[in-house]
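Peer 1:
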Amino acid sequence: MKIIYGTTNESKVQHMQDMLGGLDIEIVGLSSIGRVNAKIDESGSSPLENAAIKARAYFAALKAPVFSCDTGLYIEGLTPPEQPGVYIRRVNGRELTDEELLAHFSQLAKHFGGSVRAKYRNAICLIINEKNIYQYDGEDIASEEFLIVSEPHPRLIPGFPLDSLSVQLSSGRYYLDLEQKKGSTAAKSAQAAGFRNFFERVLLGGR
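Just add 43 to the spot in the sequence shown (first one is 1) and you have this note's numbering.
1) What are the residues that DSSP puts in a beta bridge with K45?
2) Please name the residue in L190, C168 and V71 whose C-alpha comes closest to that of K162.
3) Assess contact between the segment 146-158 and the segment 180-195, defined as three or more Cβ pairs (one per stretch) separated by less than 8 Å. Is contact present?
4) From what residue to what residue does the alpha helix (DSSP H) around K55 run?
5) Do you know offhand how far G136's Cα is from P124's?
6) In three-state terms, what does DSSP make of A229?
7) So, for M59: in the same chain, excluding its five sequence neighbours on each side, which residues have a beta-carbon less than 7 Å away from its beta-carbon?
8) The alpha helix (DSSP H) with N93 in it runs from where to where?
9) For T140, count neighbouring C-beta atoms within 10 Å of its own C-beta (all shown protein chains included) and say buried if the count is 16 or more, exposed if not.
10) Report the three-state DSSP secondary structure of N135 (helix, strand or coil).
11) Any idea what DSSP makes of G237, helix, strand or coil?
12) Since I believe L66 is in contact with T50 (beta carbons under 8 Å), could you give me their beta-carbon distance rounded to a whole number of angstroms?
13) Say whether the segment 83-92 touches the segment 231-250, bearing in mind that this needs 3 or more beta-carbon pairs closer than 8 Å, one atom from each stretch.
14) What would DSSP say about K224, mapped onto helix, strand or coil?
15) Am I right that A107 and L169 are in contact with their C-beta atoms under 8 Å? What's the rounded C-beta distance?
16) Rounded to whole angstroms, what is the Cα-Cα separation between K45 and K153?
17) At what residues does the alpha helix (DSSP H) containing A161 begin and finish?
18) Are there 16 or more other CB atoms within 10 angstroms of the CB of S209, so buried, or fewer, so exposed?
19) Cα-Cα, which of N93, L105 and A103 is closest to G115?
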């Protein structure tokens, strides 16, 4: 089955393809289907609300099975109003570039003494047709708790700048330094298993 991922971020498309590898599902991004006339107003206060807003807008424009995801970042030690939440890239009303985002969170980690604990909360909304709409934001598609550090890794992945500041709690190593044979690491992660279970449950009858 072919499903459109409502994003133009090819790194995110590849990541989802890796997580769902082996399933009878073809994931394509917006960049592969040409111009899409959809007005997106990500005004939701949670990842699930934003995922639904995006999915509904893309479905209205494409009239084809589509899903959207959204993420919120939550950092230990910040008050609720201070949390990045769904506004990871938006600071003081401005959308940050990868490099600006890296500098912003590096400075935040310095404020906490060089590192701070954090976690991503994820949500997905999948629309097959007007009657079959599925939403999910369970703990099994959230990230594990990790550290945001002040010293960036020398490698920067376009579209995923915070990966360069993210350190695994258990090993103390940058995620970018962990062994990553294509598809294998993602496919074995708890987060990947959660996304696979969602698509298997909704599209493949739990197989």
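Ideal placement from N, C-alpha and C gives every residue a C-beta, glycine not left out.
Bear in mind the structure is a predicted one, so any value in this text is a computation, not a measurement.
Peer 2: The structure says:
1) Counting from 1 along the sequence shown, the entry for residue 45 is found at position 2. E69, per the DSSP bridge assignment.
2) As a working note, residue 162 is residue 119 in the sequence shown. Ranking the options by Cα distance to K162, first place goes to L190.
3) yes
4) Against the sequence shown, residue 55 aligns to sequence position 12. Note, K55: alpha helix (DSSP H), E53 to M62.
5) Looking up residue 136 in the sequence shown gives position 93. Looking up residue 124 in the sequence shown gives position 81. Distance between the alpha carbons of G136 and P124: 14 Å.
6) If you number the sequence shown from 1, residue 229 lands on position 186. Here A229 scores only 37 on pLDDT, less than 50, and its place in the model is too uncertain to base an answer on.
7) Along the sequence shown, one-based indexing puts residue 59 at 16. Taken in chain order, the residues that qualify are Y48 and I70.
8) Mapped onto the sequence shown, residue 93 falls at position 50. First-last of the alpha helix (DSSP H) with N93: P90 to L105.
9) Within the sequence shown, residue 140 is the residue found at index 97, counting from 1. Exposed, by the Cβ-count rule.
10) On the sequence shown, position 92 is the one that residue 135 refers to. Coil at N135, not helix or strand.
11) Counting from 1 along the sequence shown, the entry for residue 237 is found at position 194. G237: helix per DSSP, three-state reduction.
12) The sequence position of residue 50 within the sequence shown is 7, counting from 1. The sequence position of residue 66 within the sequence shown is 23, counting from 1. In fact, because the Cβ distance is near 19 Å, the residues do not count as touching under 8 Å.
13) no
14) Counting from 1 along the sequence shown, the entry for residue 224 is found at position 181. Any reading at K224 needs caution, since the residue's pLDDT is 40, under 50, leaving its predicted position unreliable; the model's value is listed next. The answer is coil: DSSP assigns K224 none of H, G, I, E or B.
15) Numbered from its first residue, the sequence shown carries residue 107 at position 64. Numbered from its first residue, the sequence shown carries residue 169 at position 126. Between L169 and A107 the Cβ distance is about 12 Å, and since that is not below 8 Å, they are no contact.
16) One-based indexing of the sequence shown puts residue 45 at position 2. One-based indexing of the sequence shown puts residue 153 at position 110. C-alpha separation (whole angstroms): 44 Å.
17) Along the sequence shown, one-based indexing puts residue 161 at 118. No alpha helix (DSSP H) holds A161; the beta strand (DSSP E) holding it covers S158 to I170.
18) One-based indexing of the sequence shown puts residue 209 at position 166. Classification of S209: buried, given that the 10 Å Cβ count is 16 or more.
19) The count along the sequence shown starts at 1 and reaches residue 115 at position 72. Nearest C-alpha to G115: N93.
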